[in-house]
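Q: Per the numbering used here: the sequence shown ends with 445, consecutive numbering throughout. Ideal placement from N, C-alpha and C gives every residue a C-beta, glycine not left out. First, the structure itself, so that you have it in front of you.
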Amino acid sequence: MGNKKPSPPNHMAIQWHDYVQQEGEQSILTASLTAKASVVGRTGLMLLACGTGAWRVRSSMNAMAAKLGLVCAADIGLTSLEYTCFDGEAGFSQTLTLTSTGVNTAKLNRLERFVEEFSMSDGSLSGEDLHIRLDEIEALHGLYSTRRLAMAAALACGAFTFLLGGGPVEIALAFLGAGIGNSVRSMLTKRKYTLFLCVALSVGAACLVYAGCLKGAELLFEVDPRHEAGYICAMLFIIPGFPFITSGIDLAKQDMRSGLERLAYAVMIVLVAALAAWLMALLLGLTPVDFPPLDLSEGAKMLFRLIASFCGVFGFSLMFNSPIPLAAAAAGIGAVSNTLRLELVDLANLPPAAAAFLGALTAGLLASAWKGWVGYPRIAITVPSIVIMVPGLYFYRAVYNLGIMDLTTSASWMASALLIVLALPLGLIFARIMTDRRFRYST
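Printed below as a string of structure tokens:
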């Protein structure tokens, strides 16, 4: 019994080099249809694994196919794609799937550069050479260790806590809870545990650490128990902002399959996380009450919002595996756009959803201008810069009140959350329409 063999993987690995082994050193431009299509399909699958939307995956596959003298048609989902390549005489069709999905902006940047360089090259590389280059990109793992990812989540959630109205006590406790919670998630993910288990255990760990530290602070320093309100912030590292936003972009381009699958994936994570946090709240006696008010002037509040927004977006960007310069660029844009959103609500009495739309629009316009300077993929800047606007607190309160059968309050929180979630991708979409001619048309 001690020598049990591990069960075979549910997704069989594709031996990509088998597609080109008969071609030798022959240029990919003169290679067989199968060899050409394998490069196109693998590039698309690797882009999909980085978390980018269907429109970007398809446009990259089209660029590769055009260089190879092919016509490519692709149907793209969240974790799979079906494509067919034609060379005028024959066609090659294939279905490709991922074992799981995630976000990796550093690898996305490398892949987009690979596609751009190939499109501008003389085509002298062989299929084997191209697959070796893709091997090198695929071998790139996370830029940061589990400890650094924990610090990134702690920084993001600590900043998120202030932006939601928390004070120093809530910020410190959310910092600790999120750090431990994301460490648990990273370790479970590396061991290939299933998504539901990773989400539930990491959220449970974050809530437990927050409650335990708060209880200790109450006993040792006579801290006010009302600071329990911040336990929700300790779990906000789990909010799937990237799929939420990219689902809206895909739907805008009528990539219905990808958009709906991404939306279902994001909703699934939110529901599992909210239910796990609700059960932990029942076990630990926590209640999502309002934060104690902060005594800050309008000027000080705006300054701290700028700082907290920068730190929050920076932390989330690191969790998406962004290099430091890319994370800093997204953080700068997020600091401006998120502070603008919050000030529009406070000073102009704008509805939160309308302010979210304008904040996302601002982030999209700034990212488009910044992209021309730094050359990073637009989505790697825009999405992290507005993830901090995703209303995770609203979603959790909706589920919590639903659990205690306070249906009126639950419906109010859920309606507010849905309006904001709809407004965020719309802001990015209209910014993209205004600044990207290719995105403006349906062709």
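Confirm, please, whether the CB-CB distance from Val423 to Phe293 is below 7 Å.
A: Walking along the sequence shown from the start, residue 293 turns up at place 291. Walking along the sequence shown from the start, residue 423 turns up at place 421. No, the Cβ-Cβ distance between Phe293 and Val423 is not below 7 Å.
Q: Is Ile390 closer than 7 Å to Asn340 when the C-beta atoms are compared?
A: The residue labelled residue 340 in the question sits at position 338 within the sequence shown. The residue labelled residue 390 in the question sits at position 388 within the sequence shown. Taking 7 Å as the Cβ cut-off, Asn340 and Ile390 qualify as a contacting pair.
Q: Determine the extent of the beta strand (DSSP E) in which Leu298 is found, giving its start and end residues.
A: As a first step, residue 298 is located in the sequence shown; it is residue number 296 there, counting from the start. No beta strand (DSSP E) contains Leu298, which DSSP labels as neither H nor E.
Q: Please list the terminal residues of the continuous beta strand (DSSP E) segment that includes Val73.
A: As a first step, residue 73 must be located in the sequence shown, where it is residue number 71. Per DSSP, Val73 belongs to the beta strand (DSSP E) from Val73 to Ile78.
Q: At what residues does the alpha helix (DSSP H) containing Thr45 begin and finish?
A: Start at 1 with the first residue of the sequence shown, and residue 45 comes out as number 43. Segment Leu35 to Ala51, the alpha helix (DSSP H) holding Thr45.
Q: Under the three-state reduction of DSSP, which class applies to Glu84: helix, strand or coil?
A: Taking the sequence shown and counting its residues from 1, one reaches residue 84 at position 82. Glu84 falls in the strand class under three-state DSSP.
Q: Taking C-beta to C-beta, are Gly261 and Glu172 nearer than 7 Å?
A: By one-based count along the sequence shown, residue 261 stands at place 259. By one-based count along the sequence shown, residue 172 stands at place 170. No, the Cβ-Cβ distance between Gly261 and Glu172 is not below 7 Å.
Q: From Pro170 to Met63, what does the alpha carbon distance come to, in whole angstroms?
A: Sequence index remark: in the sequence shown, residue 170 carries index 168 (1-based). Sequence index remark: in the sequence shown, residue 63 carries index 61 (1-based). Cα to Cα, the separation comes out at about 49 Å.
Q: Excluding the 5 residues flanking Leu31 on each side, which residues of the same chain have their C-beta closer than 6 Å to its C-beta?
A: As a first step, residue 31 is located in the sequence shown; it is residue number 29 there, counting from the start. Closer than 6 Å at Cβ, skipping near neighbours: Gly125.
Q: Just to confirm the assignment, what range does the beta strand (DSSP E) spanning Phe94 have?
A: Sequence index remark: in the sequence shown, residue 94 carries index 92 (1-based). That run of the beta strand (DSSP E) goes Gly93 to Thr99.
Q: Helix, strand or coil, according to DSSP, for Ser29 in the structure here?
A: The residue given as residue 29 occupies position 27 in the sequence shown. Strand, per DSSP.
Q: Can you give, in chain order, each stretch of the alpha helix (DSSP H) that sits fully within the region 171-209 and has at least 4 residues?
A: Qualifying alpha helix (DSSP H) stretches: none in this window.
Q: Which first and last residues belong to the alpha helix (DSSP H) in which Ala283 is found?
A: One-based indexing of the sequence shown puts residue 283 at position 281. Met258 to Leu286 is the span of the alpha helix (DSSP H), which, as asked, contains Ala283.
Q: CA-CA distance, Ala268 and Leu132?
A: On the sequence shown, residue 268 is found 266 positions in, with the first residue counted as 1. On the sequence shown, residue 132 is found 130 positions in, with the first residue counted as 1. Their Cα atoms are separated by approximately 34 Å.
Q: Can you name, in chain order, every residue of its own chain whose Cβ lies under 8 Å from the Cβ of Leu360, other than the five neighbours on each side?
A: Numbered from its first residue, the sequence shown carries residue 360 at position 358. Contacts found: Leu342, Arg343, Leu346, Leu352 and Gly429.
Q: Just to confirm, are Leu165 and Cys215 a CB contact at a threshold of 7 Å?
A: Position 163 of the sequence shown, counting from 1, holds the residue named residue 165. Position 213 of the sequence shown, counting from 1, holds the residue named residue 215. Cβ distance not < 7 Å, so Leu165 and Cys215 don't count as in contact.
Q: Would you mind working out which of Asn12, His13 and Val41 sits nearest Asp20, comparing C-alpha positions?
A: Position 18 of the sequence shown, counted from the first residue, corresponds to residue 20. The option with the nearest alpha carbon to Asp20 is Val41.
Q: Thinking just about the alpha-carbon of each residue, which of Ser121, Ala108 and Gly336 is nearest to the one in Leu142?
A: In the sequence shown, residue 142 corresponds to position 140, counting from 1. When only C-alpha atoms are compared, the closest one is Ala108.
Q: Using a Cβ-Cβ cutoff of less than 6 Å, which residues in the same chain neighbour Arg112 once the five nearest sequence positions on both sides are dropped?
A: As a working note, residue 112 is residue 110 in the sequence shown. Around Arg112: Ile139.
Q: Just the Cα atoms here: how many angstroms apart are Lys38 and Val274?
A: The sequence position of residue 38 within the sequence shown is 36, counting from 1. The sequence position of residue 274 within the sequence shown is 272, counting from 1. Approximately 42 Å between the Cα atoms of the pair.
Q: Excluding the 5 residues preceding and the 5 following Leu100 in the sequence, name in chain order all residues of the same chain whose CB lies nearer than 8 Å to its CB.
A: Translated into the one-based positions of the sequence shown, residue 100 becomes position 98. Answer for Leu100: His13, Leu47, Leu50, Ala51, Thr81 and Ser82, listed in chain order.
Q: Please list, in chain order, all residues of the same chain as Pro2 whose beta carbon is under 6 Å from its beta carbon, the five residues on each side excluded.
A: The structure shown does not extend to residue 2, since the chain is modelled only from 3 through 445, so no value can be given for it.
Q: Please tell me whether Ser414 and Leu404 are closer than 7 Å, where the distance is taken between their beta carbons.
A: The count along the sequence shown starts at 1 and reaches residue 414 at position 412. The count along the sequence shown starts at 1 and reaches residue 404 at position 402. The answer is no: Cβ separation not under 7 Å.
Q: Output the distance between the C-alpha atoms of Ala329 and Asn184, rounded to the nearest integer angstrom.
A: Stepping through the sequence shown from its first residue, residue 329 is reached at position 327. Stepping through the sequence shown from its first residue, residue 184 is reached at position 182. So the two alpha carbons sit approximately 18 Å from each other.
Q: From the DSSP secondary-structure annotation, give me the bridge partner or partners of Ser128.
A: Taking the sequence shown and counting its residues from 1, the one referred to as residue 128 is at position 126. Ser29, per the DSSP bridge assignment.
Q: So Ala358 packs on Ile335, CB below 8 Å; how close in whole Å?
A: The residue given as residue 358 occupies position 356 in the sequence shown. The residue given as residue 335 occupies position 333 in the sequence shown. Not a contact, Cβ separation roughly 15 Å.
Q: Using CA atoms only, rank isn't needed, just tell me which of Ala425, Val315, Leu320 and Trp280 is closest to Met407.
A: As a working note, residue 407 is residue 405 in the sequence shown. Comparing Cα positions, the closest option is Trp280.
Q: Skipping 5 residues on each side, what residues in its chain have a beta carbon closer than 7 Å to that of Pro325?
A: Here residue 325 is taken as the residue at index 323 of the sequence shown, counted from 1. Excluding positions up to five away in sequence, the list reads Ala108 and Leu145.
Q: State the Cα-Cα distance for the pair Ala302 and Ile309, rounded to the nearest angstrom.
A: Along the sequence shown, one-based indexing puts residue 302 at 300. Along the sequence shown, one-based indexing puts residue 309 at 307. Answer to the nearest angstrom: the Cα atoms are 11 Å apart.
Q: What does a CB cutoff of less than 6 Å around Ser249 pick up in its chain, not counting 5 residues either side in sequence?
A: As a first step, residue 249 is located in the sequence shown; it is residue number 247 there, counting from the start. Around Ser249: Gly261, Arg264 and Leu265.
Q: Does DSSP classify Met14 as helix, strand or coil?
A: By one-based count along the sequence shown, residue 14 stands at place 12. Met14 falls in the coil class under three-state DSSP.
Q: How big is the Cα-Cα spacing for Ala33 and Leu127?
A: The residue labelled residue 33 in the question sits at position 31 within the sequence shown. The residue labelled residue 127 in the question sits at position 125 within the sequence shown. Computed Cα separation, rounded: 11 Å.
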